[in-house]
Amino acid sequence: MDETASQAATIDCPYCAEPINPKSKKCKHCGEILDPQMREIELLKSQRNSPQVFMNAGGGAAAAAGVDGPVKRFPHWFHIILVILSGGLWLPIYLLMYLFRNKRYYY
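Each residue of the sequence shown is one higher than the one before, counting from -10 in this note's numbering.
Dropping the structure here:
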């Protein structure tokens, strides 16, 4: 009779089918969370610790979106050259502003 009373006081885990206490929030055998509210909290914690932020549209975001074919990457050396050239385009403007400055206020 003692064995039937202990069996009635337990339920089977829906994930591993091991007997657990009916009030359990987490299975002691497989570690799965049984309480829906606790499961939601754990999911939010895991998302906060590892956010899925894709910084470049051609990299991870394209792969996550399921873009067919290989992802074409923008070469870093080309980016550096473009930055230097576009920064160099401002040089004549700065030079003209220096030459035609108001000499009363600026030396």
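Even glycine gets a Cβ: it sits at the ideal position worked out from N, Cα and C.
Keep in mind that this is a model prediction, so the values were computed, not measured.
From the DSSP output, in three-state form, read off residue i for me.
i        : result
PRO8     : strand
MET(-10) : The predicted position of MET(-10) is uncertain, since its pLDDT is 46 and thus under 50; a value taken from the coordinates is nonetheless stated next. MET(-10) falls in the coil class under three-state DSSP.
Mind checking who residue i pairs with in its DSSP beta bridge?
i     : result
ILE69 : Note: ILE69 sits in no beta bridge, so no partner.
LYS15 : ILE22
Could you give the residue range of the alpha helix (DSSP H) that holds residue i?
i     : result
PRO81 : 80 to 88
LYS34 : 25 to 38
Nearest by alpha-carbon distance to residue i: which of the options is it?
i     : options                   : result
GLY20 : ASN10, LYS12, SER35, TYR4 : TYR4
Going by beta-carbon coordinates alone, are residue i and residue j separated by less than 7 Å?
i     : j     : result
ILE0  : PRO11 : yes
LYS17 : ASP24 : no
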